[in-house]
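Enquirer: The structure that follows is given in the form of structure tokens.
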Amino acid sequence: MPKPSPKSVPVLTTDKDAEDFLDQDLSALDFTQFKPMRFETLPKSARITMRLPEPLIAALKAKAKARGIPYQRLIREALERALDEI
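If you're matching positions, the sequence shown starts at 43 in the numbering used here and goes up one per residue.
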């Protein structure tokens with residue numbers, strides 16, 4: 043008997059939708075679509091000032107908006123990823 047194909051996670055637009063989804067049996071989900079998530083728990087204790095080209099800032103803001111996060115958080119994430127690769 044063939045295995046049923048794994049279910050993908052639907053787009054959840056409200057907290058209620060998310061709660062209802064999580065109340066189900068999630069064992070049939072396709073977990074390969076999940077990505078590691080980092081939560082910001084450390085306080086921001088230093089401030090920096092940088093001059094960047096306006097098109098770069100506009101692109102950062104657009105990318106951050108598409109992900110639903112503040113653009114400064116996107117910059118921090120990019121810096122952290124870059125440090126991991128160095």
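Heads up, the beta-carbon is just placed ideally off N, CA and C, and yes, glycines get one too.
1. Determine the extent of the alpha helix (DSSP H) in which R115 is found, giving its start and end residues.
2. For the alpha helix (DSSP H) containing R89, list its first residue and its last residue.
3. According to DSSP, is L64 part of a helix, a strand, or is it coil?
4. Our contact map puts Y113 next to L125 with C-beta atoms below 8 Å; I'd like the distance itself, whole angstroms only.
5. Under three-state DSSP, which class holds L71?
Expert: So, from the listed chains and residues:
1. 113-127
2. No alpha helix (DSSP H) contains R89, which DSSP labels as neither H nor E.
3. helix
4. Rounded, the Cβ-Cβ distance is 19 Å, inconsistent with contact.
5. strand
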